[in-house]
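Since the structure comes first, as structure tokens, the remarks are kept for the end.
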Amino acid sequence: MVQAVQDAAVVVTGAGGGIGAALARRFAAVGARVAVNDLDPAKARAVAEEIGGLAVPGDASAIVAEARDALGGTIDVWCANAGVAFAGDDPGAPLDVRAWATSWDVNVMAHVRAAQALLPDWLERGSGRFVSTVSAAGLLTMIGAAPYAVTKHGALAFAEYLSLTYRHRGIKVHAICPQGVRTDMLDATGSAGDLVLKPTAIAPEDVADALFKGIEEDRFLILPHPEVAGYYESRAAAPDRWLAGMNHLQQRWEETR
374 MVQAVQDAAV VVTGAGGGIG AALARRFAAV GARVAVNDLD PAKARAVAEE
424 IGGLAVPGDA SAIVAEARDA LGGTIDVWCA NAGVAFAGDD PGAPLDVRAW
474 ATSWDVNVMA HVRAAQALLP DWLERGSGRF VSTVSAAGLL TMIGAAPYAV
524 TKHGALAFAE YLSLTYRHRG IKVHAICPQG VRTDMLDATG SAGDLVLKPT
574 AIAPEDVADA LFKGIEEDRF LILPHPEVAG YYESRAAAPD RWLAGMNHLQ
624 QRWEETR
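Under this note's numbering, think of the first position of the sequence shown as 374, with each following residue one higher.
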């Protein structure tokens, strides 16, 4: 597995903290050359200095050319990790159109734009690795967070599309789908996250471990919470029963308000 990423040119978006920073540290630890992206230049520089990498701040989907130049003319691994979540603390509140627009742009279209910029070079040389930080919400759903849940379904669908379309041409794709991870984004999920995600939340480093194990085993779907596989099977096999269970969870959340 180390050989697959050793001395690789890696970009990690949203890497100023949380899962992104953990991924950047892990890639650097095995000898990869890492470009650290974040909207916050200070955070990007801090992580880059820590790991001996390069800071490439800015919009995650608009820095492909700059990151490629910084890494010496090539990108081998793109970690589409940047994402947004909005708290849904009021179960009866109307849906926020701005939250939808931002979520769609960051959680889905940033992946599309990055892939558009990366694929021509990857297809020409017959190799490349696209790592999408999705969420268990993309496999299941999440109460109180419609824009997040729906756009993470979109991110998963796009990763699946990349894999089924280009795997025979040397493109590797991985979709990371954790439940709660102890990051600022978990705090942004509000009381719904407190109920559903925090009790089993894991550290960002656990997510990085799961990804590297998935790379070693050449797996598309990366489940840092293994129990998600069972939930996903139940959702597919008995959707009405699964929806009823989720509705009970929704009712429990409403009772806490």
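Glycine residues also receive a C-beta, built at the ideal position from the N, C-alpha and C atoms.
None of the values given here were measured: they were computed from a predicted structure.
- Take the alpha-carbon of Ala421 and the one of Gly393: they are about 12 Å apart.
- For His621, the closest of Ile516, Asp413 and Ile549 by C-alpha to C-alpha distance is Ile516.
- With respect to the C-alpha of Val378, the residue from Val479, Val470, Ala438 and Phe503 having the closest C-alpha is Phe503.
- In the structure shown, Ser434 falls within a helical segment according to DSSP collapsed to helix, strand and coil.
- The residue among Glu606, Asn410, Leu491 and Ala490 with its C-alpha nearest the C-alpha of Gly456 is Asn410.
- Here Arg542 is exposed. Its C-beta has fewer than 16 other C-beta atoms within 10 Å.
- Sequence-distant partners of Ala576 (beyond 5 residues in either direction) whose C-beta falls short of 6 Å from its own C-beta, in its chain, are Arg555.
- The beta carbon of Asp380 sits closer than 6 Å to the beta carbons of Gly404 from its chain, once the five residues preceding and following it are set aside; these are given in chain order.
- Ranked by how close their Cα comes to the Cα of Val507, the residues Val481, Ala488, Ala440 and Lys416 have Val481 in first place.
- With contacts defined as CB atoms closer than 7 Å, Ala532 and Ala519 fail to qualify as a contacting pair.
- Your pair Ser434 and Ala483 checks out as a contact, with CB atoms roughly 4 Å apart and the cut at 8 Å.
- In this structure, Tyr605 lies near Leu512, with their beta-carbon atoms less than 7 Å apart.
- One alpha carbon belongs to Gln624, the other to Ala460, and they sit about 17 Å apart.
- Put simply, the backbone Cα of Ala561 is about 21 Å away from that of Met619.
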